[in-house]
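A.B. asks:
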Amino acid sequence: MLSYSSGVVKAFSRDYRNLAAIACKKKIVLAQNTTYGLGGEAEAYFPSSIAAAKAVCGYLSSRGSKIFYIGCGSNVLASDSGYDGGVICTRRLKGIVRAGDGEIFCLSGTTVAQILNYCVQNGLGGLEYLAGIPATIGGIVAMNGGAGGRYICQNVVSVKIFDGITRTLSNKNCDFEYKQSTMRNINALILAIRLSVFDDLPNNVALRISEYMQRRVKLPKGRSCGCVFKNVRLKDGSLMSAGALIQRCGLAGFGHEKAFVSAEHCNFIINNGYSASTVRAVIDDVKQIVFKKLGVMLEEEVVYCGKF
Ligand SMILES: Cc1cc2nc3c(=O)[nH]c(=O)nc-3n(C[C@H](O)[C@H](O)[C@H](O)COP(=O)(O)OP(=O)(O)OC[C@H]3O[C@@H](n4cnc5c(N)ncnc54)[C@H](O)[C@@H]3O)c2cc1C
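Take the sequence shown: its position 296, counting from 1, is numbered 909 in our numbering, and each next residue is one higher.
#1: If I measure Cβ to Cβ from alanine 655 and keep anything under 7 angstroms in the same chain, skipping five residues before and after, which residues do I get?
#2: Short of 6 angstroms in beta carbon distance, which residues of its chain neighbour alanine 760, apart from the five on each side in sequence? Order them along the chain.
#3: Determine, using beta carbons only, whether isoleucine 709 and cysteine 719 come nearer to each other than 7 angstroms.
#4: Take every Cβ of the stretch 810-819, pair it with every Cβ of the stretch 733-741, and state whether three or more of those distances are shorter than 8 angstroms.
#5: Kindly examine ligand 1 and report whether one of its heavy atoms sits closer than 6 angstroms to the Cβ of threonine 781.
#6: The alpha helix (DSSP H) that contains phenylalanine 775, what's its start and end?
#7: Quick check: is any heavy atom of ligand 1 less than 6 angstroms from the C-beta of proline 660?
#8: Can leucine 808 and phenylalanine 775 be called in contact, C-beta distance under 7 angstroms?
#9: Just to check, is the beta-carbon of threonine 703 closer than 6 angstroms to a non-hydrogen atom of ligand 1?
#10: Note down, in chain order, each residue of its chain lying with its Cβ closer than 6 angstroms to the Cβ of cysteine 840, except the 5 sequence neighbours on either side.
#11: Note down the Cα distance separating leucine 858 from alanine 894, rounded to an integer number of angstroms.
#12: Rounding to the nearest angstrom, what Cα-Cα distance links aspartate 714 and asparagine 768 in this structure?
#13: Rank Asn884, Gly698, Leu729 and Leu706 by C-alpha distance to the C-alpha of leucine 820 and give the top, closest one.
#14: Going by other Cβ atoms of all chains shown within 10 Å of its Cβ, with 16 needed for buried, is leucine 706 buried or exposed?
#15: Taking the continuous alpha helix (DSSP H) assigned at phenylalanine 904, which residues delimit it?
#16: What's the call for leucine 804, buried or exposed, on a 16-neighbour Cβ count within 10 Å?
#17: Of the residues Leu911, Thr891, Lys900 and Val909, which one's Cα is nearest the Cα of serine 692?
Here you go:
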């Protein structure tokens with residue numbers, strides 16, 4: 614849980630009363646805010662400015678609430694019983710501007726699709742590998758996401774965060790690792806990101822985006838969070854596909870009608886029912902079976918929200 618100094622909390626206290634107006638608080642159903650389509654109710658805030666986002670953090674912290682940040686919810690399995698803290702949904706915190714030579718500045722709730730549209734319109738290359746990932750840039754940066762052997766840490770110049778105070782972290786200070794970053798370790802809210810890009814012809818950028826999209830055509834259909842497990846780091850530092858390990862254990866299609874391991878890509882677990890606990894049970898079973906058969910304990914990439 615975030616905990617701010619009393620001075621910070623006091624300063625935010627003055628703003629509480631206006632909070633509903635600036636951050637649009639509502640009761641949400643998490644199922645409608647995650648790609649899994651699962652999860653119960655939560656109290657959520659939709660700040661549309663950096664000032665509002667910080668005010669919500671201060672407000673929730675002063676109340677002693679836990680805070681969960683959600684972008685597109687494309688890597689989240691939310692509990693059937695919902696979340697008993699405050700959820701900050703960043704999707705209204707969006708916008709992109711050119712930030713000097715070879716850089717763009719994006720608010721964290723801007724989606725990958727919005728950024729790539731901007732890049733095509735303005736002839737900016739370098740981010741095409743993100744094409745088709747159903748995410749906000751804040752979510753991608755928090756998770757150090759990527760595709761085709763490229764990760765967002767290769768484009769991040771700096772990240773503006775809030776963890777009681779507003780700070781700008783250089784790429785180095787983000788401590789990016791495979792599917793990990795400082796921001797996740799300290800549960801800081803990512804407000805905005807500066808990304809490196811390069812000038813190119815719009816047609817070239819559009820072409821590369823469609824090539825990356827083409828590679829994704831074969832991804833499993835159905836409700837999922839993409840890859841459930843992290844790839845496994847071997848002693849020599851290389852990564853071994855978790856999907857391949859699951860497949861080697863004969864688990865393609867494992868599960869039942871309501872939640873099952875995709876036969877096309879064994880690291881996808883598809884939700885075809887109504888309960889997060891059913892999906893969680895399949896995840897736990899897969900972990901146990903892979904451990905028993907191969908002695909490898911898989912680690913979740915999916916982020917759990919709420920109690921299971
Ligand atoms: C069909 C499908 C395909 C996918 N393909 C890929 C892929 O090719 N590559 C890949 O890397 N991932 C992929 N994913 C997974 C997912 O899209 C990524 O993990 C993405 O980074 C999540 O972004 P999001 O905005 O949805 O974040 P969420 O899922 O909402 O959140 C993910 C995590 O980031 C945190 N977070 C989100 N926003 C912020 C913020 N502003 N500040 C601080 N923390 C924040 C959340 O608290 C949570 O811990 C795929 C998912 C699906 C459903």
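All C-beta atoms in this analysis are idealised placements derived from N, C-alpha and C, irrespective of residue type, glycine included. Note that the structure is a prediction, hence the values are computed from the model and not measured.
C.D. replies: Here's the rundown:
#1: Within the same chain, alanine 655 has close Cβ partners Ile641, Leu643, Gly695, Tyr696 and Val700.
#2: Cβ within range, chain order: Tyr742.
#3: Taking a C-beta distance under 7 angstroms as the contact criterion, isoleucine 709 and cysteine 719 qualify as a contact pair.
#4: The stretch 810-819 vs the stretch 733-741: in contact.
#5: For ligand 1, not one heavy atom lies less than 6 angstroms from the Cβ of threonine 781.
#6: Taken as a continuous stretch (DSSP letters only), phenylalanine 775 belongs to no alpha helix (DSSP H), being part of the beta strand (DSSP E) at 769-775.
#7: Result no, Cβ not under 6 angstroms from ligand 1.
#8: Going by beta carbons, leucine 808 and phenylalanine 775 fall outside the 7 angstroms limit.
#9: Inclusion of threonine 703 in the 6 angstroms shell around ligand 1 follows from its C-beta lying nearer than that to a non-hydrogen atom of the ligand.
#10: Only residues of its own chain outside the window of five on either side were considered, and among them Asn880 and Glu914 have a CB closer than 6 angstroms to the CB of cysteine 840, listed in chain order.
#11: When rounded, the separation of the alpha-carbon atoms in leucine 858 and alanine 894 is 19 angstroms.
#12: In this structure, the straight-line span from the alpha carbon of aspartate 714 to that of asparagine 768 is close to 14 angstroms.
#13: Ranking the options by Cα distance to leucine 820, first place goes to Leu729.
#14: Counting Cβ neighbours within 10 Å, leucine 706 comes out buried, since at least 16 surround it.
#15: That run of the alpha helix (DSSP H) goes 889-907.
#16: Buried is the label assigned to leucine 804, since at least 16 other Cβ atoms lie within 10 Å of its Cβ.
#17: Ranking Leu911, Thr891, Lys900 and Val909 by Cα distance to serine 692 puts Thr891 first.
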